[in-house]
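**Q** Protein chains in written order, with the working numbering: chain F, 1 to 568; chain R, 1001 to 1238; chain P, 2001 to 2124; chain V, 3001 to 3328.
Virtual Cβ for every residue (Gly too), placed ideally from N, Cα, C.
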Amino acid sequence: MSEQAAPRRRNRGRYEGDVPREHYLNVAYGLKSWLLTVDHKRIAILYLLSITGFFAIGGLFAAIIRMELMTPTGDLMSSEVYNRVFTLHGVVMVFFFLIPSIPAVFGNFFLPMMIGAKDLAFPRINLASWYIYTIGGIFTLAAIIAGGVDTGWTFYTPYSSTYSNSAVALTAIGVFINGFSSIFTGLNFIVSIHKMRAPGLTWMRLPLFVWAHYAASIIMILGTPVVAIAIFLIAVERLLGVGIFDPALGGDPILYQHLFWFYSHPAVYIMILPSMGVMSEVIACFSRKRIFGYAFIAASSLAIAVVGFLVWGHHMFVSGQSAYVSMVFSVLSMLVAVPSAVKVFNWLATLWRGSISFETPMLYAFGFLGLFTVGGLTGLYLGTLATDVHLHDSYFIVAHFHYIMVGGAVMGYLAAVHFWWPKMTGRMYSEFWGRLSAGLLFIGFNLTFFPQFLLGYMGMPRRYHFYPDEWQVLNVLSTAGASILGIAYLIPIIYLVYSLRYGPIAGPNPWHATGLEWTTASPPPQHNFETTPTVTEEPYDYSKAIENVAITPGAGPESPPSPAAPRS
Amino acid sequence: MSQRHGPVTAAVITGSMPEMDNDHGPLQHHFDDMAQQNESAALGMWLFLLTEVMFFGGVLTAYAVCRYLFHDAFAEGASHLDVQMGTINTIILIFSSLTMALAVRAAQMSKTKLLVGLLIATMVFGGAFLVIKGIEYEHKWVEHHVPGKYFQYDGPMANQVHLFFSFYFTMTGIHALHMILGIGWMIWLTIRSWRGDFSAAYFSPIEMTGLYWHFVDIVWIFLFPLLYLFGAGAGAGH
Amino acid sequence: MSHDAHAHDEPHIVPLSIYLAIFGALMIGTALTVWVAVFDLGEYSWLHTPLALLIASAKATLVVVWFMHVKYGSRLVWIFIFAGIAWFLVLIGITVGDYVGRNWEPAPNAWQAAVEAPRSSELG
Amino acid sequence: MNGSQLPPLLPPSASTVSGELDLLFAYITAISVFFAVGIAVALAVLAVLYRRKPGDGPPPQIHGSTALELVWTVIPLLIVMSFFVWGTDLFFRMRTPPIEPLEIFVVGKQWMWKIQHQEGPREINELHIPVGQPIKLTMTSEDVIHSFSVPAFRVKQDVLPGRYTTMWFEATKTGTFHLFCTEYCGTEHAGMGGSIIVMEPNEYQVWLGGGGAGESLTDAGERLFGQLGCATCHGDQAGARGPSLTGVYNSEVSLAGGGSVTADESYLRESILEPATNIVAGYDAIMPTYRGQISEEGVLQLVAYIRSLGDPAAAGATGAAAAGEAGQ
């Protein structure tokens, strides 16, 4: 990944018997060439590195939480520390990992390539978005150093605005700033999809990954400003004593919850929609079949984005909001389940009569299907008014949204990493270790979070530092699962880094996949394509794809280097 | 912070950062032609304005809820605002919108001198608006109506009137910041116009700045009746 | 490739008279806003806010359609604008709806009512 | 983990709604399990059946089927609508209390629950209630948002500063059950809990008598009313500076600003803390605010006292405080 690695690779005879080829990684060297780059691929790499860093920080906090919860007494640390740990786990994971994860890394890298463009419409805004992300991250890290923050990632008022004695303003400003990086990314995607598509690439020929990013971008554009202003008002309230959310000063605390969830519920779809886009790519490729019901999957992405904006109040069923408004939110929440179900059924139908192989990305996709199904179905308990009263703010919720965010979004993220790694780096990773860690992840994840459903139904509230003794068994199970999960996250880091130097050469299209990004060399040249591609066929047309070579683990086909694939 | 992103985005979207333009001229490498580049810039600017709508929409929603809850107190708070100054400012801002629109027109017709003059006129109007706003703020400061520690209000509904002034300063403050940054950006555009960078062939930055400026004007068109005129007439509900 | 391209190749120059007419209309709108605000509507005083918003919306429409050239722009821009308005209305509509709706309770149930009991018939 | 006995996987079910809620939960679970297992089995079967074998040609490229799409749009839609209908029906029943519940007052505070019974006893982090009687809690918070949650009863309600929220339940089993705060409220959030002790009605009466009996809530309110000198203005004589409070509870009050309001608990509370917000027609806004001078518990006592001064529904109540005891 580092710029120093590239020349070594080249010197080691990257393409033996061939002229060293120029690509986006070796086109320029030095820190400046990275920090001032406007190449979407390099910006994606910058994001990949910083997001991985934040994921590690968030994961560390998660490990501390699970260690503390092994015993019911809260003996590892004080409540003050524990509250800061779970808050920072939430803030870092949600705002600095999950929301930017797939869009900022894989959207940035592949969306322009998939539409046959040289770059996103606004390359400098793209770079600016990474800097904004970094500045927001620095504020949040500064908040950690300044003693942390203990409001929960939701920043509920008036606790956050008046009562908390922690670095709320600093964190709030960090999250606020970070929001604009998301807005810039979404803006860039929408304009690029509208204006930069290659000749012949009609809307109905777009890869579903692009459709999913279009839908997610709508949410980034229309939702993020609202949470920005809500969090901005908290900072103002703390710093200047304005009282919009504090009843003691005349304000109203529920108002904050409305503004917060107006964004933060759709934000879940920012996390999951791109992941669904990855699923469509991976499942089609490894079953060598056209996606079943292409138009319905594309439309359901948009439906999720639009209806997803109308359901925020299901986070507030017991908050004291009007019962009738709760009723409306409940029925709309039920509606949003339908397009998600449609997607799952279509993916299953894609497998039908396919020619399925089980490389690492496909294993993650299978994992996604299983976990997302559980996460989605358990969401129905929470959209149903009566059951939500009992389950609200319990570990059932914690389990549910981890099934969606980790089981859904992170599985999608890892599927994307493994699917596109050869394209991004030109190297194959170890298939054996890839499959092993995918399997471990699935087991560890379920062991961690399934017991939490049971805990939740028994009534264990979330954000509890200590709990009644009778819940210890399930908590210990959960912690055991978390340690497996931790290992499953660490293994890929090792073999992926290893593959950068020692992995076999991938060639332009190791999976024999369709899609414009696979028609160019790996790693791609600086401007993606030697000549602007022209699209003449529908997406996922695997009928003419190269004969069904079994893609053997650990040995990607040694294709000769070619500036652009010969295929169509 | 939030308010700063406006013109910066405008700047970056329009692709008018000088150091980037030196080599390629106005057409950037990843676009096929000027039409594609201009349309992308316009689309990007409109999307950015959408985020601004939702940004102000968030505060407006909070304002609507609190005004519904504390109707009388808000009417009372609003009656302390200076309707005359508010009206004058509204008129000034409409003037500036007109000069901005005409500036775009001048650019479209390649009339460089007229363009420079109209940009300067727009900035002068914008500056006048800010000066009057500043005078109003100063009055509020003297009257101890600035929310926070020094707020004083001798009335039965002091808490809610405080809330009204919180909204007043938050909303007009964000609006004024948008204007300040718009003016700052326009200074740069004026210099570039003077250098003759814009003509009928290339005026995208002027056009985008116009969109931004008109949007800021629209925000004020709503803020004025919502804040200033609420307590003006018999509508106060007494 | 731009598909609905070439809408911008030749800048559409709006006649000066249209700009001046819009400017005049905005001025009249401003005067009307102030006049309506101070006008005593008697028992219909609750109409002040809807009227003020109506006039403001009309003024905003003039600015958007002519000053911002949407009239000559692509259909996409229209869609974006309507999306923005729609989303804003969803946010404010449902949120305010919650507060208004708190005064309606399913059963005669005095304990349940919020502090924010109905004050007057005027909506914020 | 006492001995080798594994802890139960279901919470105790101890209220009138918990049984039906469990049933609804089981219904959703049955359907969820059906789909989750169905999808898992389908995945496994497809994976085995259509795994790539050496020498396979390209598979058939199937575009889709509108009929199938309709089927798997409509069926899930119908199913989730059944969740919605049942859930909403139960929800409205869960939040609408029956007539004449036993009323208890709760004040949440970082990090304890302060509970006042009508008859006088007060307790902290413990709530003693009789079995088989509907209980209604009127709750408010002194600082941040809390949430009153009793998993065994399957009920939960946020407790907000600045307003009253209510919840009700009827215990069907005696015993001790967990009480939790489920809205994160600061450092000792996890410790802000306690127990609900459900007793036989006769035991409950004994407990009422034996506990910190003495002054009832109404009496405490009357004493406070006297201490604060409220009667100076709110006396019953004609020409008093403030409106008479006799029979004001639950009556329609005309407001100075036009319109009227039902003088319920929330209005009474607001009139004590923010008197100027809704002035009774015919009076001047001269009452000072008592915000910061009376605790939320004190406000509840005053409200209880004013309620005891008669309710128009209770027909012809006079000023006799004793006559309106308990306000029913």
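Less than 8 Å between the beta carbons of F/A298 and F/I99, yes or no?
**A** Residue mapping note: residue 298 of chain F aligns to position 298 of the first sequence, counting from 1. Residue mapping note: residue 99 of chain F aligns to position 99 of the first sequence, counting from 1. Contact: no.
**Q** Using the Cα positions of F/A169 and V/G3209, report the straight-line distance between them to the nearest angstrom.
**A** Translated into the one-based positions of the first sequence, residue 169 of chain F becomes position 169. Translated into the one-based positions of the fourth sequence, residue 3209 of chain V becomes position 209. Each residue's alpha carbon lies about 50 Å from the other.
**Q** Which residues in chain R have a C-beta closer than 9 Å to the C-beta of F/P225? List them in chain order.
**A** Here residue 225 of chain F refers to the residue found at position 225 when the first sequence is read from its first residue. Correct list: S1002, L1050, T1051, E1052, V1053, M1054, F1055, F1056, G1057, G1058.
**Q** Verify whether the separation of the beta carbon atoms of V/W3168 and V/P3134 is less than 8 Å.
**A** Stepping through the fourth sequence from its first residue, residue 3168 of chain V is reached at position 168. Stepping through the fourth sequence from its first residue, residue 3134 of chain V is reached at position 134. Against a cut-off of 8 Å, the Cβ pair of V/P3134 and V/W3168 comes out as a contact.
**Q** Have a look at V/R3093 and F/S78 and give me their C-alpha separation to the nearest angstrom.
**A** Position 93 of the fourth sequence, counted from the start, is the residue given in the question as residue 3093 of chain V. Position 78 of the first sequence, counted from the start, is the residue given in the question as residue 78 of chain F. Rounded to whole angstroms, V/R3093 to F/S78 spans 41 Å at the Cα level.
**Q** V/L3127 by DSSP, collapsed to three states: which one?
**A** Counted from its first residue, the fourth sequence places residue 3127 of chain V at position 127. Strand, per DSSP.
**Q** Just verifying my parser: in three-state terms, what is the DSSP assignment at F/F139?
**A** Within the first sequence, residue 139 of chain F is the residue found at index 139, counting from 1. Helix, per DSSP.
**Q** Could you tell me the boundaries of the beta strand (DSSP E) in which V/C3181 lies?
**A** The count along the fourth sequence starts at 1 and reaches residue 3181 of chain V at position 181. Note, V/C3181: beta strand (DSSP E), 3175-3181.
**Q** Please return the same chain residues whose Cβ sits closer than 6 Å to the Cβ of F/E281, not counting the five positions on each side in sequence.
**A** Taking the first sequence and counting its residues from 1, one reaches residue 281 of chain F at position 281. F209.
**Q** I think F/L455 touches F/W471, with their Cβ atoms under 8 Å apart; what is that distance to the nearest whole Å?
**A** Taking the first residue of the first sequence as position 1, residue 455 of chain F is located at position 455. Taking the first residue of the first sequence as position 1, residue 471 of chain F is located at position 471. Yes, they are in contact, since the Cβ atoms of F/L455 and F/W471 sit about 6 Å apart, within 8 Å.
**Q** Which of the three DSSP states is assigned to F/Y131 in this structure?
**A** On the first sequence, position 131 is the one that residue 131 of chain F refers to. F/Y131: helix per DSSP, three-state reduction.
**Q** Once DSSP output is grouped into helix, strand and coil, what is the label at F/D246?
**A** Locating residue 246 of chain F in the first sequence gives position 246, where the first residue counts as 1. Correct three-state label for F/D246: coil.
**Q** Output the distance between the C-alpha atoms of R/L1060 and R/C1066, rounded to the nearest integer angstrom.
**A** Mapped onto the second sequence, residue 1060 of chain R falls at position 60. Mapped onto the second sequence, residue 1066 of chain R falls at position 66. Computed Cα separation, rounded: 10 Å.
**Q** F/Y24 and F/V105 - do their beta-carbons sit closer together than 8 Å?
**A** Numbered from its first residue, the first sequence carries residue 105 of chain F at position 105. Numbered from its first residue, the first sequence carries residue 24 of chain F at position 24. Going by C-beta atoms, F/V105 is not nearer than 8 Å to F/Y24.
**Q** According to DSSP, is V/P3201 helix, strand or coil?
**A** As a working mapping, residue 3201 of chain V is identified with position 201 in the fourth sequence. Residue state, collapsed to three classes: helix.
**Q** Evaluate contact between the segment 2077-2090 of chain P and the segment 1041-1060 of chain R, counting only Cβ atoms and requiring at least three cross-stretch pairs below 8 Å.
**A** Because the criterion of three Cβ pairs below 8 Å is met, the segment 2077-2090 of chain P and the segment 1041-1060 of chain R touch.
**Q** Does R/W1046 come within less than 8 Å of chain P when only Cβ atoms are used?
**A** Residue mapping note: residue 1046 of chain R aligns to position 46 of the second sequence, counting from 1. Closer than 8 Å to some Cβ of chain P, the Cβ of R/W1046 qualifies, so yes.
**Q** Could you spell out where the alpha helix (DSSP H) holding V/S3308 opens and where it closes?
**A** Along the fourth sequence, read from residue 1 onward, the residue named residue 3308 of chain V stands at position 308. That run of the alpha helix (DSSP H) goes 3296-3308.
**Q** Helix, strand or coil: which one does DSSP assign to F/A215?
**A** Here residue 215 of chain F refers to the residue found at position 215 of the first sequence. Three-state DSSP puts F/A215 in a helix.
**Q** Taking the alpha-carbon positions, what's the F/W211 to F/S161 distance?
**A** Position 211 of the first sequence, counted from the start, is the residue given in the question as residue 211 of chain F. Position 161 of the first sequence, counted from the start, is the residue given in the question as residue 161 of chain F. Taking the straight line from one Cα to the other gives about 39 Å.
**Q** Which residues in the same chain have their Cβ closer than 6 Å to the Cβ of F/G481, if we skip the five residues on either side of it in sequence?
**A** On the first sequence, residue 481 of chain F is found 481 positions in, with the first residue counted as 1. Here the set comprises G444, L447, T448.
**Q** Shorter than 8 Å from the beta carbon of R/M1208 to some beta carbon of chain P?
**A** Translated into the one-based positions of the second sequence, residue 1208 of chain R becomes position 208. False, the Cβ-Cβ gap to chain P never drops below 8 Å.
**Q** With 8 Å set as the bound, which would you pick, yes or no: does the beta-carbon of P/S2017 sit closer than that to a beta-carbon of chain R?
**A** By 1-based counting over the third sequence, the position of residue 2017 of chain P is 17. Not closer than 8 Å to any Cβ of chain R, the Cβ of P/S2017 fails to qualify, so no.
**Q** Using beta-carbon positions only, say whether F/N83 and F/H40 come within less than 8 Å of one another.
**A** Position 83 of the first sequence, counting from 1, holds the residue named residue 83 of chain F. Position 40 of the first sequence, counting from 1, holds the residue named residue 40 of chain F. No. Outside cutoff.
**Q** Closest to P/M2060 by CA distance: which of R/L1027, R/A1201, R/W1220 is it?
**A** Against the third sequence, residue 2060 of chain P aligns to sequence position 60. Position check: residue 2060 of chain P holds Ala in this sequence, whereas Met was assumed. The shortest C-alpha separation from P/A2060 is found at R/W1220.
**Q** Report the CB separation of F/T384 from F/S330 in whole angstroms; it is logged as a contact under 8 Å.
**A** Numbered from 1 along the first sequence, position 384 holds the residue referred to as residue 384 of chain F. Numbered from 1 along the first sequence, position 330 holds the residue referred to as residue 330 of chain F. Yes, they are in contact, since the Cβ atoms of F/T384 and F/S330 sit about 7 Å apart, within 8 Å.
**Q** Using a threshold of 8 Å, state whether the C-beta atoms of F/Y364 and V/I3028 are closer than that.
**A** As a first step, residue 364 of chain F must be located in the first sequence, where it is residue number 364. As a first step, residue 3028 of chain V must be located in the fourth sequence, where it is residue number 28. No, these two residues do not count as a Cβ contact at 8 Å.
**Q** Roughly how many whole angstroms lie between the Cα atoms of F/Y457 and V/R3291?
**A** In the first sequence, the residue the question calls residue 457 of chain F occupies position 457. In the fourth sequence, the residue the question calls residue 3291 of chain V occupies position 291. Approximately 40 Å, taken between the alpha carbons.
**Q** Hey, F/F368 and F/G408: beta-carbon distance below 8 Å or not?
**A** Indexing the first sequence from 1 puts residue 368 of chain F at position 368. Indexing the first sequence from 1 puts residue 408 of chain F at position 408. Yes.
**Q** On the premise that F/V227 lies in contact with F/F189, defined as a C-beta separation below 8 Å, what is that separation, rounded to the nearest angstrom?
**A** The count along the first sequence starts at 1 and reaches residue 189 of chain F at position 189. The count along the first sequence starts at 1 and reaches residue 227 of chain F at position 227. About 19 Å; that fails the 8 Å criterion.
**Q** Can you give me the C-alpha to C-alpha distance between R/A1158 and R/Q1152, rounded to a whole angstrom?
**A** In the second sequence, residue 1158 of chain R corresponds to position 158, counting from 1. In the second sequence, residue 1152 of chain R corresponds to position 152, counting from 1. Near 8 Å, if we compare the C-alpha coordinates of R/Q1152 and R/A1158.
**Q** For a test of the three-state rule: what should DSSP assign to V/V3106, helix, strand or coil?
**A** In the fourth sequence, the residue the question calls residue 3106 of chain V occupies position 106. It is a strand residue.
**Q** Along the alpha helix (DSSP H) that carries R/T1112, what are the first and last residues, could you check?
**A** Translated into positions along the second sequence, residue 1112 of chain R becomes position 112. It spans 1112-1142 - the alpha helix (DSSP H) in which R/T1112 sits, taken as one unbroken run.
**Q** In the DSSP assignment, what are the bridge partners of V/F3169?
**A** As a working mapping, residue 3169 of chain V is identified with position 169 in the fourth sequence. According to DSSP, V/F3169 bridges with V/I3135.
**Q** Can you round the beta-carbon distance between V/L3046 and F/L351 to whole angstroms, since I take them to be within the 8 Å contact cut?
**A** Here the question's residue 3046 of chain V lines up with position 46 in the fourth sequence. Here the question's residue 351 of chain F lines up with position 351 in the first sequence. That belief holds up - the Cβ atoms of V/L3046 and F/L351 are roughly 4 Å apart, short of 8 Å.
**Q** Along chain V, in chain order, which residues have C-beta atoms closer than 9 Å to that of R/M1157?
**A** By 1-based counting over the second sequence, the position of residue 1157 of chain R is 157. What R/M1157 touches in chain V: E3274, A3276, T3277, A3285.
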